[in-house]
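Before any comments, here is the structure.
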Amino acid sequence: MPNPYFEDTKLTKTFTFFDEGTTKITGTTIKWKEGMGTANGANHEKKGNKRPPPDESFFTWFSETQQKDIMEGLHDEVAEIIKEDLWPNPLKYFNNEADEEDSDADEDDDEEKVDNDVEDDDGEDGNEDDS
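According to full-length UniProt numbering, the sequence shown is numbered sequentially starting from 1.
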């Protein structure tokens with residue numbers, strides 16, 4: 001199903017960290033469908049609200065490529081939330097380590113079940129013929 005708001009099929013933002021401490025930031029410039037951009041989206045003007053709407057939003061975050069001054073305590077909140085809460089260790093995902101850990105645990109469970117099925121309550125091997 002096509003997105004009714006913008007043409008892009010995915011939005012990306014990439015942070016490339018260099019050894020000398022600089023960061024290169026690239027992001028998607030959203031191609032909004034006619035009349036669907038954030039400026040035309042939700043109406044922020046309400047009676048009694050004299051403050052203009054904020055310039056930053058989830059969508060403007062993707063096209064923002066200027067590094068904020070981390071030394072002065074400013075940080076990129078959206079990137080922090082993604083890094084800390086949504087996807088804390090993406091390298092494990094790309095290296096398939098998470099799947100391997102899960103499959104090892106499943107194999108251990110299967111082995112225990114086999115052992116338990118073979119042994120009955122009195123510690124014998126489950127054959128009912130005591131000859």
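We treat Cβ as the ideally placed atom computed from N, Cα and C, and that holds for glycine.
The model shown is predicted, which means the values in this text are computed figures rather than measured ones.
According to DSSP, simplified to helix, strand and coil, what is residue 10?
The residue labelled residue 10 in the question sits at position 10 within the sequence shown. Three-state DSSP puts residue 10 in coil, outside helix and strand.
Whose C-beta lies closer than 6 Å to the C-beta of residue 14 among residues of the same chain, with five residues either side of it excluded?
Taking the first residue of the sequence shown as position 1, residue 14 is located at position 14. Contacts found: 26.
Run through the DSSP bridge pairs and tell me what residue 60 is partnered with.
Here the question's residue 60 lines up with position 60 in the sequence shown. Looking at the DSSP assignment, residue 60 forms no beta bridge with any residue, so it has no partner.
Residues of its chain near residue 63, where Cβ-Cβ distance is below 7 Å and the 5 sequence neighbours each way are ignored
If you number the sequence shown from 1, residue 63 lands on position 63. Only 27, 28, 29 and 30 meet the Cβ criterion.
Helix, strand or coil: which one does DSSP assign to residue 82?
The residue given as residue 82 occupies position 82 in the sequence shown. The answer is helix: DSSP assigns residue 82 an H, G or I state.
Helix, strand or coil: how does DSSP classify residue 24 here?
Translated into positions along the sequence shown, residue 24 becomes position 24. Of the three classes helix, strand and coil, the one that applies to residue 24 here is strand, per DSSP.
Sorted by chain position, which residues of the same chain lie with C-beta nearer than 8 Å to residue 82's C-beta, five sequence neighbours on each side aside?
To locate residue 82, count along the sequence shown from 1; it is residue 82. Once the five neighbours on either side are set aside, residue 82 has no close Cβ partner at all.
Suppose the cutoff is 6 Å on Cβ atoms and the five residues either side in sequence are ignored; what does the same chain contact list for residue 32 look like?
Sequence index remark: in the sequence shown, residue 32 carries index 32 (1-based). Answer for residue 32: 6, listed in chain order.
Look at the alpha carbon of residue 9 and the alpha carbon of residue 59, and state the distance between them as a whole number of angstroms.
Counted from its first residue, the sequence shown places residue 9 at position 9. Counted from its first residue, the sequence shown places residue 59 at position 59. Distance between the alpha carbons of residue 9 and residue 59: 14 Å.
Is it true that the CB of residue 23 sits closer than 8 Å to the CB of residue 16?
Walking along the sequence shown from the start, residue 16 turns up at place 16. Walking along the sequence shown from the start, residue 23 turns up at place 23. Yes, they are a contact pair.
Boundaries of the alpha helix (DSSP H) in which residue 92 is found, first to last residue
In the sequence shown, counting from the first residue as 1, residue 92 sits at position 92. From DSSP, the alpha helix (DSSP H) with residue 92 extends over 90-94.
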